[in-house]
Amino acid sequence: MKQDLIVILDLGSTNNTVLARDIRGLGVYSEIHPHDITLEELKALENVKGIILNGGENRVVDGCEVEVRPELYELGYPIISVDYPQSKCATQLSELPDPETLKKFVFDECGAEANWNMKNFIADQVELVRRQVGDKKVLLALSGGVDSSVVAALLIRAIGQQLVCVHVNHGLMRKNESESVVKVFQNELHANLIYVDAVDRFLGKLEHVADPEQKRKIIGGEFIRVFEEEARKLEGIEFLGQGTIYPDIIESGTKTAKMVKSHHNVGGLPEDLQFELVEPLKQLFKDEVRACGVELGLPHEMVYRQPFPGPGLGVRCLGAITRERLEAVRESDAILREEFARAGLDKKVWQYFTVVPDFKSVGMKNHERVFEYMVIVRAINTVDAMTATVEKVDWEVLERITERILAEVANVNRVCYDMSPKPPATIEFE
Ligand code: XMP
Numbered sequence: 034m035k036q037d038l039i040v041i042l043d044l045g046s047t048n049n050t051v052l053a054r055d056i057r058g059l060g061v062y063s064e065i066h067p068h069d070i071t072l073e074e075l076k077a078l079e080n081v082k083g084i085i086l087n088g089g090e091n092r093v094v095d096g097c098e099v100e101v102r103p104e105l106y107e108l109g110y111p112i113i114s115v116d117y118p119q120s121k122c123a124t125q126l127s128e129l130p131d132p133e134t135l136k137k138f139v140f141d142e143c144g145a146e147a148n149w150n151m152k153n154f155i156a157d158q159v160e161l162v163r164r165q166v167g168d169k170k171v172l173l174a175l176s177g178g179v180d181s182s183v184v185a186a187l188l189i190r191a192i193g194q195q196l197v198c199v200h201v202n203h204g205l206m207r208k209n210e211s212e213s214v215v216k217v218f219q220n221e222l223h224a225n226l227i228y229v230d231a232v233d234r235f236l237g238k239l240e241h242v243a244d245p246e247q248k249r250k251i252i253g254g255e256f257i258r259v260f261e262e263e264a265r266k267l268e269g270i271e272f273l274g275q276g277t278i279y280p281d282i283i284e285s286g287t288k289t290a291k292m293v294k295s296h297h298n299v300g301g302l303p304e305d306l307q308f309e310l311v312e313p314l315k316q317l318f319k320d321e322v323r324a325c326g327v328e329l330g331l332p333h334e335m336v337y338r339q340p341f342p343g344p345g346l347g348v349r350c351l352g353a354i355t356r357e358r359l360e361a362v363r364e365s366d367a368i369l370r371e372e373f374a375r376a377g378l379d380k381k382v383w384q385y386f387t388v389v390p391d392f393k394s395v396g397m398k399n400h401e402r403v404f405e406y407m408v409i410v411r412a413i414n415t416v417d418a419m420t421a422t423v424e425k426v427d428w429e430v431l432e433r434i435t436e437r438i439l440a441e442v443a444n445v446n447r448v449c450y451d452m453s454p455k456p457p458a459t460i461e462f463e
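Written out as structure tokens, the structure reads:
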């Protein structure tokens with residue numbers, strides 16, 4: 034590894050990730066590890082320059098105060114402790130108050146160099162992946178989302194044609210999304226890509242299913258089956274690429290946040306299809322994943338996509354999905370995205386989409402009574418998706434969106450704007 038490392042040992046702090054982000058913000062790589070890391074595990078980490086014992090309110094677990102192994106102090110690393118009274122090290126702080134103290138520790142006491150950047154990260158991961166995989170093949174489910182796209186680009190750089198990407202078009206993708214996956218990965222990056230058109234299969238299974246949970250189960254389950262069928266057709270695959278990222282592997286909770294080993298959640302694949310995982314992004318926060326994607330040359334739209342639920346437009350075509358209403362969701366969503374981009378709102382608003390309910394309302398078109406669907410527009414801002422506020426979109430922008438949806442989307446005669454914050458509403462409707 035080329036990067037210097039500052040290790041944060043979690044002794045019950047609730048701000049481990051904030052601290053790790055702050056240190057990475059100084060250009061120095063930082064990782065969070067459990068308080069009871071063994072000396073062997075610590076020594077196995079490369080380029081450790083210093084250790085922060087990060088205490089806090091969750092220091093007591095099951096009635097006992099957590100402590101680090103005493104031998105840790107003998108290893109010769111510069112150590113500071115924060116809110117950890119039992120510590121035996123010279124510098125004990127009750128909190129890490131200002132950026133200057135952190136800088137002094139990282140650069141002056143530890144002598145770390147600011148060498149954490151995406152170029153070095155990619156170079157390291159390329160080398161590690163090559164070492165792990167050798168001349169074997171890696172399989173990757175490429176949805177076109179940020180994480181799977183960045184993993185794909187990184188693995189293509191590392192192992193080229195040894196990577197086999199499978200893109201399943203389940204018919205619930207946004208307009209031109211599957212096409213753009215093929216264009217970028219097959220035509221431009223020359224990936225070994227298997228495109229599976231499973232539209233009829235998914236929509237068939239979903240026919241007449243109105244219950245939201247049931248819909249999600251069918252979409253998730255069917256996805257695994259399609260992927261598994263493709264995997265069985267291939268020979269010599271020993272690894273599975275996954276877009277696991279750092280927040281996925283840090284358990285946040287009321288107990289001391291322990292490092293969970295990678296999520297060995299291979300999408301529920303059967304026993305005889307268990308692969309070893311390749312997870313080159315597992316140390317990155319979301320914004321770092323995006324920076325990595327940019328460095329690897331992925332298009333901006335792909336790297337800065339807004340969040341999109343796994344079940345796709347399936348949960349925005351409310352109730353039992355029909356092709357007619359699904360098209361109305363897809364077309365209105367495309368118009369909304371175009372108009373938001375034109376108004377510069379795509380860079381400001383966290384998530385925006387359209388929804389089509391499964392009932393009709395009366396209207397007039399060409400002097401005739403019509404009975405057609407409505408499109409609901411939703412645009413929200415949030416930090417963590419737990420709560421959300423509604424974006425106050427300019428009236429003119431809403432008018433333009435409405436005009437275009439009514440003129441261009443078939444079977445729609447009404448457009449509404451959802452004014453509900455979360456809570457009590459959720460972001461999605463199903
Ligand atoms: P809710 O509707 O619960 O959504 O307020 C919170 C955020 O999660 C996204 N979401 C999903 N993402 N699979 C996903 O990967 C899902 O099944 C799913 N359901 C909701 C939603 O778009 C919002 O950003």
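Just so we're aligned: the sequence shown equals residues 34 to 463 in this note's numbering.
From the three backbone atoms N, C-alpha and C, an ideal C-beta is built for every residue, glycine too.
Residue i, DSSP secondary structure in three states
i, result
"Ser211", "helix"
"Ile65", "strand"
"Ser285", "Reliability fails at Ser285, whose pLDDT of 42 lies under 50, so the model's placement of it is uncertain and no value is given."
"Leu42", "strand"
"Tyr279", "helix"
"Cys325", "helix"
"Tyr228", "strand"
"Gln125", "strand"
"Asn446", "strand"
"Leu306", "helix"
"Asn464", "Missing from the structure shown is residue 464; the chain here goes from 34 to 463 and no further."
"Glu74", "helix"
"Asn91", "coil"
"Gly167", "coil"
"Ser114", "strand"
"Val242", "coil"
"Gly83", "strand"
"Ala421", "strand"
"Lys455", "strand"
"Val299", "Per-residue confidence for Val299 stands at a pLDDT of 46, beneath the threshold of 50, marking its modelled position as unreliable; the derived number appears in the next sentence. Val299: coil per DSSP, three-state reduction."
Enclosing beta strand (DSSP E) for residue i [first to last residue]
i, result
"Pro245", "Counting along the chain, Pro245 falls outside any beta strand (DSSP E), though it belongs to the alpha helix (DSSP H) covering Pro245 to Lys266."
"Cys198", "Leu196 to Asn202"
"Val403", "Glu401 to Asn414"
"Leu273", "Ile270 to Gly274"
"Val99", "From DSSP, Val99 is part of no beta strand (DSSP E); its letter is neither H nor E."
"Ile460", "Looking at the DSSP string, Ile460 is not in any beta strand (DSSP E), and its letter there is neither H nor E."
"Val139", "Val139 -> no beta strand (DSSP E), and no H or E assigned at all."
Straight-line Cα distance separating residue j from residue i
i, j, result
"Ala77", "Val201", "39 Å"
"Pro111", "Arg164", "31 Å"
"Met397", "Arg323", "46 Å"
"Glu334", "Val423", "23 Å"
"Glu429", "Thr435", "10 Å"
"Gly343", "Tyr106", "46 Å"
"Ala147", "Val61", "5 Å"
"Val293", "Pro280", "Because the pLDDT of Val293 is 37, which lies under 50, any placement of that residue in the model is unreliable, and the number read from its coordinates should be weighed accordingly. Taking the straight line from one Cα to the other gives about 11 Å."
"Val20", "Asn150", "What the structure shows of the chain is the stretch from 34 to 463, and residue 20 is not part of that stretch, so it cannot be assessed."
"Lys455", "Val410", "15 Å"
"Ala145", "Ile257", "45 Å"
"Gln119", "Val93", "13 Å"
"Glu463", "Met452", "17 Å"
"Cys449", "Glu261", "41 Å"
"Val311", "Ile56", "26 Å"
"Tyr117", "Glu90", "10 Å"
"Lys24", "Pro67", "As displayed, the chain neither begins before 34 nor continues past 463, which places residue 24 out of reach and without an answer."
"Thr277", "Glu405", "42 Å"
"Ala412", "Ala353", "24 Å"
"Leu317", "Ile251", "31 Å"
"Val348", "Asp427", "27 Å"
"Ala367", "Val171", "34 Å"
"Lys319", "Trp383", "14 Å"
"Glu432", "Val139", "53 Å"
"Gly28", "Leu196", "This structure cannot speak to residue 28, because the chain is shown only from 34 to 463."
"Lys136", "Thr420", "34 Å"
Supposed contact pair residue j and residue i - C-beta distance, whole angstroms, cut 8 Å
i, j, result
"Val214", "Leu239", "Not quite, the Cβ-Cβ distance comes to about 22 Å (not below 8 Å), so this is no contact."
"Leu44", "Gly96", "16 Å between Cβ atoms; not a contact."
"Glu64", "Leu38", "6 Å"
"Ala361", "Asn444", "6 Å"
"Leu173", "Ala191", "Incorrect: roughly 12 Å between the Cβ atoms, too far for contact."
"Gly326", "Val159", "Wrong, their Cβ atoms sit about 15 Å apart, outside the cutoff."
First and last residue of the uninterrupted alpha helix (DSSP H) at residue i
i, result
"Met206", "Where Met206 is concerned, there is no enclosing alpha helix (DSSP H), given that its DSSP letter is neither H nor E."
"Leu175", "No alpha helix (DSSP H) holds Leu175; DSSP gives it neither H nor E."
"Val51", "Asn49 to Gly58"
"Val430", "Trp428 to Glu441"
"Lys136", "Pro132 to Lys136"
Chain D within 8 Å of residue i, Cβ atoms only
i, result
"Val214", "No chain D is present in this structure, which holds just one protein chain."
> Which residue spans inside the region 332-400 form an unbroken beta strand (DSSP E) run of at least 3?
Replying inline: 384-388 and 393-398
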